[in-house]
Amino acid sequence: MSNDVYIVGIDMIKFGRFENEKAERLAAQATLMALDDCGLGIRDIQAIWAGSCNATMMGQRMLHYIGQTGVPVVNVTNACATGATAFREAWIAIKAGLYDTCLAVGAEKMGKGMLVPKNSQGTAIPTEGLLGSGVMPSVFAKMGMEHTRKHGTTFEQFARVSEKNHRHSTLNPKAMYQRETPLAMVMESEMIAYPLTKLMCSVNVDGAAAAVLMSEKKAKQSGLINRAVKVRASALASDPFTARNLVMQDVNTVTRLAAQNAYEMAELGPEDVNLIELHDCFATAEICHYENLGLCAEGEGGAYLDSGATQLGGQQPVNVSGGLLSKGHPLGATGIANIYEISQHLRGEAGARQVEGAKIGLTHVVGLGSACAVHLLEKA
Amino acid sequence: MADQPVAPHTVISTGGEPYLVGSHCSACGETHLGAFENCPACTARGQMDEVRLSNQGTLYNYTIVYRSLPGVTVPFISAVVDLDGGGTIRGNLLEVEPDPSKIAFDMPVKVVFRSAADAVAGGEGYLAHFFVPAN
Ligand SMILES: [Zn+2]
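Here it is, written out as structure tokens:
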């Protein structure tokens, strides 16, 4: 028997704004849905990793709503990679042979508006707008502009990412927004930080997602192997030093490192991947990540998008869920929600947006600071 | 009293002249903006020398920010500048129209020090670095 780890139950709540909810209650909902997905109960779970950027002790508080079983609970925070990190820690624990059945859950209650980094530079007064800009749209606008500088990528190409992902979202009932946005509408919406308009920025929403992970032995014994999804690789990287990283955050290099580690672990290459859910927190990022994940050659990201390869029906569909741009981006939940999306396709249960014949899928999230997680998943 | 520097990497000389400081690693040769004890590039311990950074550089990257926090004057250009001789720094690029067709990658720029009140509400009494075209 191998020591492979499988996803046997996974689900997410429809992302949205839940004014009167707490993160732990959203987490409880997602957990019960994931348990229902595999017919298990909370008493079957031997350990829990709970991801959230804003909540504290969320995992324990979640159990207050569904049953305090006394199992070990670890609360995880790792920026936008939080959910994927919780998932990975559960995978590690099973891989190590300590447990057979673990839960990873991610949930977030988001504030409205732009995410502002905390004043960590030791400056006398706030520096946003004074020493340039460090808010998220500016960081990812610069990511796009660096691509423009190197490869001539245009505002219109970046805008096409939003056109594509918003079109995909019309097929996903769990997306916050399910609205098609023609290219002109994307380009003419309010400019936030050039080349990003409002429709090229993901939305701050509340959400939760959960996954039940199981050892191969237990999944076979429990009769859960048939609908299971195998974790072929789980990779996590922090930002290695690059020349401008400390003043212009570089999410490219950290993504390349995590992707390379994941491909090596799975003994797979980018050409083997049938669909991808990648971190399109802003439209500019998606084109850069095509190259970072090796989907196309260096500098070909814009052309790869233009070719139609990454739209539903194309050779390597990207973000058929609608991506963070449409689904919304509740930080702690995002990483597990991406894994949910891929799992649905591998199981052939993705409904109208099903990528036909999908066998291998890749998920990618990257949080500033920086943390990048890449998972390769396979139909069991 | 003279304006106080906003950022720790700005130092005022005894003659009253502001300049940028960085750290040069004698193990790998990398220059970082601001003070470091150990090198984030090569992990060398205790081999950083404080250096005065150039006030000349070139524009590596930018974005034009249209929506910001309350009290911030928009639009403004958030620029990333590679300083001649080493070090990279972020700041506002002034005296250039906030229009992508008017901004050239690699354009030479000069570091200038001005009142923070020029860019943000509540900046009185503080000194910040800005970039202006070198020509
Ligand atoms: Zn060094």
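Chains A and B, in that order, give the protein sequences. Take 1 as the starting number for the first sequence in the UniProt record's numbering and just add one per residue. Take 1 as the starting number for the second sequence in the UniProt record's numbering and just add one per residue. For glycine and all other residues, C-beta sits at the position ideal for the given N, C-alpha and C.
Determine the closest residue to residue i out of the options, with distance taken between C-alpha atoms.
i	options	result
V5/A	A283/A, H364/A, A266/A and L171/A	A266/A
V65/B	N274/A, G351/A, Y340/A and M191/A	M191/A
S101/B	T63/B, D118/B and V72/B	T63/B
L130/A	A121/B, S26/B and G85/B	A121/B
A41/B	H24/B, R52/B, Q56/B and V51/B	H24/B
I336/A	I7/A, A283/A and V186/A	I7/A
L346/A	Q68/A, A283/A and R227/A	R227/A
E95/B	H32/B, D84/B and I77/B	I77/B
K220/A	A79/A, A34/A, C38/A and D272/A	C38/A
Y107/A	G51/A, T56/A and F140/A	Correcting the residue identity first, residue 107/A is Ala in this sequence and not Tyr. The shortest C-alpha separation from A107/A is found at G51/A.
P133/B	A2/B, G123/B, A104/B and L53/B	A104/B
V74/B	N92/B, T58/B, L59/B and G87/B	N92/B
E128/A	C28/B, N38/B, T58/B and S68/B	S68/B
E188/A	M176/A, A159/A and A208/A	A159/A
N3/A	L26/A, V73/A, K95/A and N75/A	K95/A
residue 136/B	V81/B, N38/B, G86/B and A44/B	Because chain B spans 1 through 135 in this model, residue 136/B falls outside it and cannot be assessed.
F282/A	A124/A, I66/A, E163/A and M12/A	E163/A
E37/B	G71/B, G46/B and T31/B	G46/B
Q344/A	A380/A, G369/A, A243/A and R167/A	A380/A
So which residues on chain B does residue i lean against when the C-beta distance must stay under 9 Å?
i	result
V254/A	Under the 9 Å cutoff, chain B gives no residues; its nearest Cβ is about 14 Å from V254/A.
L246/A	H32, L33, G34, P40 and T88
S202/A	Here the premise fails: no neighbours, minimum Cβ distance about 15 Å.
A243/A	E30, A41, D82 and T88
M191/A	I64, Y66, R67 and P75
At a CB-CB cut-off below 8 Å, which residues of chain A make contact with residue i?
i	result
N92/B	G129, L130, L131 and G132
V112/B	What V112/B touches in chain A: nothing, since even the nearest Cβ is about 13 Å away.
L53/B	In chain order: nothing, as chain A lies at least about 12 Å away.
A27/B	None at all; the shortest Cβ gap to chain A is about 13 Å.
At 9 Å on the CB atoms, spell out the chain A contacts of residue i, in chain order.
i	result
I12/B	Going along chain A, no residue has its Cβ under 9 Å from I12/B, so there is no contact; the nearest lies around 13 Å.
R45/B	Under the 9 Å cutoff, chain A gives no residues; its nearest Cβ is about 15 Å from R45/B.
Between residue i and ligand 1, is the CB less than 7 Å from at least one heavy atom?
i	result
E19/A	no
residue 434/A	The requested residue 434/A is not part of the displayed model; chain A covers only 1 to 380.
Run down chain A in chain order and give the residues with a C-beta less than 7 Å from the C-beta of residue i.
i	result
Q4/B	A124
V120/B	G129 and L130
G85/B	Ordered by position in chain A, no residue passes the 7 Å Cβ test against G85/B, which lies about 14 Å from the chain.
V79/B	Per the sequence presented here, residue 79/B reads as Ala, with Val not at that position. Near A79/B (Cβ distances below 7 Å), the residues of chain A are G132.
A128/B	L130 and L131
G123/B	I125 and L130
V72/B	E128 and G129
S23/B	Correct list: empty, because the minimum Cβ distance to chain A is about 11 Å.
A134/B	Within chain A, no residue comes near A134/B; the closest Cβ sits about 18 Å away, beyond 7 Å.
Residue i touches chain B at which residues, Cβ-Cβ below 8 Å?
i	result
M145/A	N61, Y62 and T63
M136/A	None at all; the shortest Cβ gap to chain B is about 12 Å.
Along chain B, which residues have their Cβ under 7 Å away from the Cβ of residue i?
i	result
Y194/A	T63, I64 and P100
A96/A	Result: empty, since nearest Cβ-Cβ is about 29 Å, beyond 7 Å.
R149/A	N61 and F105
A141/A	T63
Hey, does residue i have any beta-carbon neighbour from chain E nearer than 8 Å?
i	result
G46/B	Checking the listed chains, one finds no chain E in this structure; the protein chains it contains are A and B.
- [ ] Could you tell me whether the segment 182 to 189 of chain A touches the segment 47 to 67 of chain A, where touching means 3 or more Cβ pairs closer than 8 Å?
- [x] They do not touch, by the three-pair rule.
- [ ] Count the CB pairs spanning the segment 121 to 130 of chain B and the segment 1 to 8 of chain B that are closer than 8 Å, and state whether there are at least three.
- [x] Judged by Cβ distances under 8 Å, the segment 121 to 130 of chain B makes contact with the segment 1 to 8 of chain B, as three or more pairs qualify.
Open item on the list: Can you tell me which residues fall inside 6 Å of ligand 1, judged by beta-carbon distance to its nearest heavy atom, and keep chain order?
Closed with: C25/B, A27/B, C28/B, E30/B, C39/B, A41/B, C42/B and A44/B
Open item on the list: Does the structure place the segment 299 to 317 of chain A close enough to the segment 251 to 259 of chain A that three or more beta carbon pairs sit under 8 Å?
Closed with: no
Task: Stretch pair the segment 78 to 90 of chain A + the segment 19 to 38 of chain A: three plus CB contacts closer than 8 Å - done: no
Open item on the list: Whether or not the segment 164 to 180 of chain A and the segment 308 to 323 of chain A are in contact is what I'm after, with contact meaning three or more pairs of Cβ atoms, one per stretch, closer than 8 Å; do they touch?
Closed with: yes
Open item on the list: Taking contact to mean 3 or more Cβ pairs, one atom from each stretch, closer than 8 Å, check whether the segment 192 to 204 of chain A and the segment 132 to 142 of chain A are in contact.
Closed with: yes
Open item on the list: When you compare the segment 352 to 365 of chain A with the segment 11 to 26 of chain B, are there three or more beta-carbon pairs, one atom per stretch, that lie closer than 8 Å?
Closed with: No contact exists between the segment 352 to 365 of chain A and the segment 11 to 26 of chain B.
Open item on the list: With three or more C-beta pairs closer than 8 Å as the rule, is the segment 23 to 42 of chain A touching the segment 231 to 250 of chain A?
Closed with: no
Task: Three-pair Cβ contact test at 8 Å for the segment 96 to 103 of chain A versus the segment 46 to 56 of chain A - done: The answer is yes - the segment 46 to 56 of chain A touches the segment 96 to 103 of chain A, with three or more Cβ pairs under 8 Å.
Open item on the list: With three or more C-beta pairs closer than 8 Å as the rule, is the segment 154 to 166 of chain A touching the segment 110 to 119 of chain B?
Closed with: Counting Cβ pairs under 8 Å, fewer than three are found: no touch.
- [ ] Decide yes or no for the touch test of the segment 200 to 215 of chain A against the segment 9 to 17 of chain A: beta carbon pairs closer than 8 Å, at least 3 of them.
- [x] yes
Task: Contact between the segment 352 to 361 of chain A and the segment 267 to 276 of chain A (3+ Cβ pairs under 8 Å) - done: yes
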